[in-house]
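See below for the structure under consideration.
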Amino acid sequence: MWWWDQLIENRVEEAREKGLFENLRGQGRPLKLEPGSGPEWLANHLLRENDMLPDWLQLRKEIHEERPRVIAALQEYDEQATVLDPRRPRDRAILDRLEQRYVQAAREINRKIDEHNLRCPSIHHELVRFPEDAIARRRRRANAH
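Here my numbering is used: the sequence shown runs in plain steps of one and ends on residue 146.
Shown next as structure tokens:
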């Protein structure tokens, strides 16, 4: 896996140049190595102990934290759609704003999901996007009946 080794070397060098290895927690003290732990364990241990994640994992963490906001926007629309009458202009305006709020939230998180999926090392780690047109599709289905 030469490309992987090269990637790691490049990331370590970039971090060193930025001074990210200075003043680390536990600096100057011997590491307590576990039996069978090698260089990969050591690298992961240092990154984990100092809250340093690869770009794609940092994005994944942010996406995980933001998902509830997108889901809540969709749920809020659904809740209001059951009590408001879209034929009334005031109610239609409220529903339109709630839909726009969901679409905006979905677009923002989808940008991060797309970036994550481009950077993650395996297709098995890719995340599923939020359907930005979910409310519009529901509305079209309801109007068709």
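No residue lacks a Cβ here, since even glycine has one placed at the ideal position from N, Cα and C.
Of the residues the options, the one placed nearest residue i, counting alpha carbons only
i, options, result
"N24", "R140, P40, R91 and E50", "E50"
"M53", "R68, R138, R30 and L21", "L21"
"E127", "E41, L58 and D6", "L58"
"E100", "E14, D115, Q7 and R139", "R139"
"I95", "A107, A106 and Q81", "Q81"
"Y78", "A106, K62 and E66", "A106"
"G27", "L47, D115 and A145", "L47"
"L75", "H125, G39, D97 and R141", "D97"
7 Å Cβ shell around residue i - same chain, five flanking residues per side excluded
i, result
"C194", "In the structure as shown, the chain begins at 2 and stops at 146. Residue 194 is therefore absent and cannot be evaluated."
Sequence-distant residues of its chain with Cβ nearer than 8 Å to residue i (five each side left out)
i, result
"R68", "I110"
"R12", "P55"
"K62", "L54"
Start and end residues, alpha helix (DSSP H) containing residue i
i, result
"I110", "P90 to R120"
"I136", "A135 to A145"
"I64", "D56 to V84"
6 Å CB neighbourhood of residue i in its chain, flanking five on each side removed
i, result
"V104", "E133"
"R93", "P87"
"L43", "none"
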